[in-house]
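**Student:**
There are 2 protein chains.
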Amino acid sequence: MCSPEIVRLAHDGAPRPSRRAMFGLAALAALAAVAPAPALAAPRPGAVVDLTHTLTPQLPVWPGNPPIAMVPVAWHASGGFDQLALGYWEHTGTHLDAPAHRIPGGATTEALAVEDLVAPLVVLDISAKAAGDADAVVTVADIDSWRGQHGEIPERAFVAMYSGWEHRIAEPSTFLGLDAQGRPHAPGFSGEAAHHLVAQCGIVGAGVDTLSLDCGVDPDFGAHTALLGAGRYGVEMLANLATVPPVGARIVIGAPKHAGGTGGPCRVLALT
Amino acid sequence: MCSPEIVRLAHDGAPRPSRRAMFGLAALAALAAVAPAPALAAPRPGAVVDLTHTLTPQLPVWPGNPPIAMVPVAWHASGGFDQLALGYWEHTGTHLDAPAHRIPGGATTEALAVEDLVAPLVVLDISAKAAGDADAVVTVADIDSWRGQHGEIPERAFVAMYSGWEHRIAEPSTFLGLDAQGRPHAPGFSGEAAHHLVAQCGIVGAGVDTLSLDCGVDPDFGAHTALLGAGRYGVEMLANLATVPPVGARIVIGAPKHAGGTGGPCRVLALT
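Just so you know, the sequences run in chain order A and B. The first sequence begins at 1 in the UniProt record's numbering and counts up one residue at a time. The second sequence begins at 1 in the UniProt record's numbering and counts up one residue at a time.
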């Protein structure tokens with residue numbers, strides 16, 4: 001999340017805007033293929049699992065947001081070193097939402113507590129109900145069901161929703177689920193569930209394998225408000241959540257640390 | 001490292017070029033103060049230590065490279081969410097050098113083995129000799145001396161040079177150490193030491209608290225070539241190396257994962 005255009009769309013259903021190139025630079029079209037869907041084999045203990053999508057200009061972005069632009073600025077042939085210039089909007093690819101994204105005066109990227117970037121990882125799998133309902137949400141009942149199977153949610157955990165949407169990443173239209181009015185339809189946390197995770201479970205952050213912590217049709221952005229309003233952070237567009245256990249791994253959020261930022265692309269690793 | 005200008009400077013001593021604004025955007029001048037020098041207290045076991053400088057337009061960059069540009073593109077008042085657009089050259093701030101930075105056809109950012117991003121951390125402290133010699137380098141003798149004190153370097157380690165330069169970060173002129181000809185003077189690894197760490201110690205990567213793996217006066221970029229040429233990665237401009245033990249911590253490199261990249265800003269954490 002989130003450009004002003006999509007906020008407006010969610011409220012008033014205005015027509016879907018076209019993409020704009022950022023900084024006037026055309027994105028390089030063929031740098032790499034979109035990552036394939038992950039295998040479902042469980043990782044061995046001690047393995048490192050990459051929960052990050054490869055960031056390309058082909059990755060889905062919110063309507064109104066531009067794709068990443070990458071432009072060569074140095075070359076082996078002329079100086080011995082290659083280098084690119086990068087341009088993007090912060091909420092692109094697998095990325096962090098800092099509290100300041102939603103909350104005026106909220107913590108910016110460099111102000112997050114570093115201890116909160118390493119946490120027990122909990123995965124809530126709602127893929128079965130999401131398969132038939134693009135507006136499915138994680139509910140408090142889902143959290144209670146998880147508890148019934150796996151026990152209490154660890155203290156200071158990071159809780160990730162696995163909806164199965166990560167496997168749609170190569171198809172932006174189904175990943176975003178835009179309807180005829182340009183409104184997105186994709187799973188997320190209900191505002192009530194997000195509040196419950198903060199207030200009752202003491203989580204440090206929450207993540208999704210979709211592009212928004214909220215389900216697409218929530219006009220109030222209840223999950224964003226509950227999480228970021230409580231000083232917690234979010235991570236959107238996670239990958240490979242099907243390959244990590246429901247509990248037992250540790251997540252490390254390689255959050256961006258630019259001053260005054262509202263979020264940004266981050267490398268997210270699970271240590272099993 | 002490294003713009004074509006600095007490569008040329010190191011070879012022929014041409015005049016120092018002026019900075020250029022990237023993408024035609026002026027950097028926002030006062031987003032945040034430069035981070036202060038770290039305290040020297042040892043971290044408690046189980047702590048997370050941030051080895052990352054806060055990325056601001058005031059951070060030192062190589063001559064010829066622009067500072068990061070950050071421009072608001074979304075606002076709470078008009079849509080409920082703040083967001084910035086970011087523009088920078090990859091080798092800015094605390095950042096990764098992928099093999100492709102130096103080596104034609106070398107691995108790009110998204111192709112690094114994820115297992116190599118989590119490693120035992122070894123810190124080689126050459127701050128005593130560097131205090132009086134801006135061209136000081138880590139030598140094979142320094143590595144042997146470390147072994148004499150701490151034992152063998154762990155397998156698949158990440159080896160960081162602590163020169164003390166991290167404390168100069170707020171003073172770009174002394175951090176870069178540019179002389180009258182525009183040549184940088186700052187510590188690094190000797191090419192021989194870098195080769196030794198790869199061939200004899202089997203490291204996964206190496207880092208420095210300066211802006212280059214090489215000392216500023218090496219015209220052959222021997223450390224870059226030895227490390228990146230062997231498929232290893234580098235991390236430049238590390239912070240807080242004085243606060244982690246010489247051995248015993250684990251480092252996690254939150255490396256960027258954009259397709260085809262030669263490196264980029266990364267969040268680097270030490271788990272003690």
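We treat Cβ as the ideally placed atom computed from N, Cα and C, and that holds for glycine. Please read these numbers as outputs of a predicted model, since none were measured by experiment.
For A107/B, which residues in chain C fall below 7 angstroms Cβ to Cβ?
**Tutor:** Chain labels in this structure do not include chain C; the protein chains are A and B.
**Student:** Pick out whichever of T272/B, V235/B, L241/B has its Cα sitting closest to the Cα of C266/B.
**Tutor:** Stepping through the second sequence from its first residue, residue 266/B is reached at position 266. Cα-wise, what sits closest to C266/B is V235/B.
**Student:** Give the straight-line distance between the Cα atoms of P63/A and D82/A, rounded to the nearest whole angstrom.
**Tutor:** Within the first sequence, residue 63/A is the residue found at index 63, counting from 1. Within the first sequence, residue 82/A is the residue found at index 82, counting from 1. The alpha-carbon atoms of P63/A and D82/A are separated by roughly 32 angstroms.
**Student:** Apart from the five residues on each side of it in sequence, which residues of its chain come closer than 7 angstroms, Cβ to Cβ, to A249/A?
**Tutor:** Here residue 249/A refers to the residue found at position 249 of the first sequence. Closer than 7 angstroms at the Cβ level, and outside the excluded window around A249/A, lie L121, A270, L271, T272.
**Student:** Comparing C-alpha positions only, which one of A186/A, R183/A, W165/A, A199/A sits nearest to E155/A?
**Tutor:** In the first sequence, counting from the first residue as 1, residue 155/A sits at position 155. Ranking A186/A, R183/A, W165/A, A199/A by Cα distance to E155/A puts A199/A first.
**Student:** Who does E236/B pair with in a DSSP beta bridge?
**Tutor:** Taking the first residue of the second sequence as position 1, residue 236/B is located at position 236. In the DSSP output, where bridge partners are listed per residue, E236/B has H95/B.
**Student:** Between which two residues does the alpha helix (DSSP H) harbouring Q149/A extend?
**Tutor:** Taking the first residue of the first sequence as position 1, residue 149/A is located at position 149. Element bounds for Q149/A: 140-150.
**Student:** Is there at least one Cβ from chain A nearer than 9 angstroms to R102/B's Cβ?
**Tutor:** Residue numbering aside, residue 102/B sits at position 102 when the second sequence is read from its first letter. It does: the Cβ of R102/B has a partner Cβ on chain A nearer than 9 angstroms.
**Student:** Measuring only the C-alpha atoms, how far is H101/A from T94/A?
**Tutor:** As a working mapping, residue 101/A is identified with position 101 in the first sequence. As a working mapping, residue 94/A is identified with position 94 in the first sequence. If you take the alpha carbons of H101/A and T94/A, they lie about 15 angstroms apart.
**Student:** Would you say Y233/A reaches chain B, if we count a Cβ-Cβ gap shorter than 9 angstroms as a contact?
**Tutor:** Taking the first sequence and counting its residues from 1, the one referred to as residue 233/A is at position 233. So no, Y233/A is outside the interface.
**Student:** Taking the beta carbon of G222/B as the centre, do at least 16 other beta carbons fall within 10 Å, making it buried, or is it exposed?
**Tutor:** Residue numbering aside, residue 222/B sits at position 222 when the second sequence is read from its first letter. Classification for G222/B: buried.
**Student:** Please work out which residues of its chain come closer than 6 angstroms, Cβ to Cβ, to L241/B, disregarding the five sequence neighbours upstream and downstream, and give them in chain order.
**Tutor:** The sequence position of residue 241/B within the second sequence is 241, counting from 1. So the qualifying residues of the chain are V123, A160, Y162, D209.
**Student:** State the beta-bridge partners of W89/A as determined by DSSP.
**Tutor:** Here residue 89/A refers to the residue found at position 89 of the first sequence. DSSP lists A85/B as partners of W89/A.
**Student:** I believe L59/B touches G261/A by the beta-carbon criterion, under 8 angstroms. Please report the beta-carbon distance rounded to the nearest angstrom.
**Tutor:** Here residue 59/B corresponds to residue number 59 of the second sequence, with the count starting at 1. Here residue 261/A corresponds to residue number 261 of the first sequence, with the count starting at 1. That pair is no contact at about 14 angstroms.
**Student:** Does the beta carbon of G205/B come closer than 9 angstroms to any beta carbon on chain A?
**Tutor:** Looking up residue 205/B in the second sequence gives position 205. Not an interface residue.
**Student:** Could you say which of L227/B, D144/B, W146/B lies nearest to A107/B if we only look at CA atoms?
**Tutor:** The residue given as residue 107/B occupies position 107 in the second sequence. It is L227/B.
**Student:** Look at the alpha carbon of H224/A and the alpha carbon of G216/B, and state the distance between them as a whole number of angstroms.
**Tutor:** If you number the first sequence from 1, residue 224/A lands on position 224. If you number the second sequence from 1, residue 216/B lands on position 216. So the two alpha carbons sit approximately 47 angstroms from each other.
**Student:** Mind checking A186/B: buried by the 16 CB within 10 Å criterion, or exposed?
**Tutor:** Along the second sequence, one-based indexing puts residue 186/B at 186. The residue is buried, with at least 16 neighbouring Cβ atoms inside 10 Å.
**Student:** Below 7 angstroms between beta carbons is the criterion; list the residues of the segment 212-238 of chain B that meet it against any residue of chain A, in chain order.
**Tutor:** Listed in sequence order: F221.
**Student:** Name the DSSP beta bridge partners of H258/B, please?
**Tutor:** Numbered from its first residue, the second sequence carries residue 258/B at position 258. DSSP, once it has assigned bridges, lists L55/A as partnering H258/B.
**Student:** On the three-state DSSP scale, how would you describe L112/B?
**Tutor:** Here residue 112/B refers to the residue found at position 112 when the second sequence is read from its first residue. DSSP places L112/B in coil when its eight states are reduced to three.
**Student:** Grab the span of the beta strand (DSSP E) containing A270/A for me, first residue to last.
**Tutor:** Stepping through the first sequence from its first residue, residue 270/A is reached at position 270. That run of the beta strand (DSSP E) goes 267-271.
**Student:** Starting from the C-beta of H195/B, find all residues in its chain whose C-beta is less than 6 angstroms away, skip the five residues before and the five after it, and write them out in chain order.
**Tutor:** Working through the second sequence from its first residue, we reach residue 195/B at position 195. Within the same chain, H195/B has close Cβ partners A226.
**Student:** Distance, Cα to Cα, A119/B vs D179/A?
**Tutor:** Taking the second sequence and counting its residues from 1, one reaches residue 119/B at position 119. Taking the first sequence and counting its residues from 1, one reaches residue 179/A at position 179. If you take the alpha carbons of A119/B and D179/A, they lie about 46 angstroms apart.
**Student:** For D209/A, decide whether its Cβ has a neighbour in chain B, counting only Cβ atoms nearer than 9 angstroms.
**Tutor:** Taking the first residue of the first sequence as 1, we reach residue 209/A at position 209. It does not; no Cβ of chain B falls within 9 angstroms.
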